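Everything on this sheet refers to the single structure shown next.
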Amino acid sequence: MGDTKKEVKGNITCYEDGRTKITLNTKWCKGCEYCVVFCPKKVLSMERGKAIVVDLSQCTRCMLCELRCPDFAIEVVKLDEAKES
Ligand code: SF4
Ligand code: SF4
Numbered sequence: 076m077g078d079t080k081k082e083v084k085g086n087i088t089c090y091e092d093g094r095t096k097i098t099l100n101t102k103w104c105k106g107c108e109y110c111v112v113f114c115p116k117k118v119l120s121m122e123r124g125k126a127i128v129v130d131l132s133q134c135t136r137c138m139l140c141e142l143r144c145p146d147f148a149i150e151v152v153k154l155d156e157a158k159e160s
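Residues 76 to 160, numbered by my numbering, are exactly what the sequence shown covers, in order.
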């Protein structure tokens with residue numbers, strides 16, 4: 076899993092490796108697993124009915140998980156691109 080940092084603040088769980096940040100809102104996540112199924116790199120998994128990040132280093136930032144989540148519970152941020160703008 077490399078040097079991914081995980082931070083939990085209330086309902087928000089943040090995973091960050093310096094390149095990519097994935098934020099999951101565990102309150103909004105209803106556990107439909109769409110994000111897990113659509114992720115082509117198996118970055119995501121389910122734990123006790125909620126989506127979690129298991130291997131951020133594999134994330135291609137394709138945004139499919141964010142786009143497919145019906146509850147806006149997952150957000151992907153490209154940290155390296157955000158710095159440039
Ligand atoms: S952005 Fe793409 S590769 Fe990254 S977790 Fe989401 S679906 Fe998977
Ligand atoms: S698609 Fe959204 S609501 Fe469904 S498991 Fe993933 S984060 Fe949760």
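In this text, a Cβ means the ideal position worked out from N, Cα and C, and glycines have one as well. Bear in mind the structure is a predicted one, so any value in this text is a computation, not a measurement.
Tell me, to the nearest whole angstrom, how far the beta carbon of residue i is from that of residue j; I am working on the premise that it is less than 8 Å.
i, j, result
"residue 134", "residue 105", "Wrong, their Cβ atoms sit about 22 Å apart, outside the cutoff."
"residue 144", "residue 114", "The Cβ separation is near 11 Å, so there is no contact."
"residue 91", "residue 79", "7 Å"
For residue i, does the count of other Cβ atoms within 10 angstroms reach 16, so buried, or fall short, so exposed?
i, result
"residue 131", "buried"
"residue 149", "buried"
"residue 83", "exposed"
"residue 112", "exposed"
"residue 154", "exposed"
"residue 119", "buried"
Please report the residue range of the beta strand (DSSP E) in which residue i lies.
i, result
"residue 152", "149-153"
"residue 98", "95-100"
"residue 79", "Where residue 79 is concerned, there is no enclosing beta strand (DSSP E), given that its DSSP letter is neither H nor E."
"residue 104", "That residue, residue 104, is in no beta strand (DSSP E); it is neither H nor E in DSSP."
- [ ] Pair every Cβ in the region 81-97 with every Cβ in the region 108-115, then say whether three or more of these pairs are closer than 8 Å.
- [x] no
Open item on the list: Report the start-end ranges of each alpha helix (DSSP H) in the region 109-150 that is 4 residues or longer and not cut off at the edges.
Closed with: 109-113, 139-143
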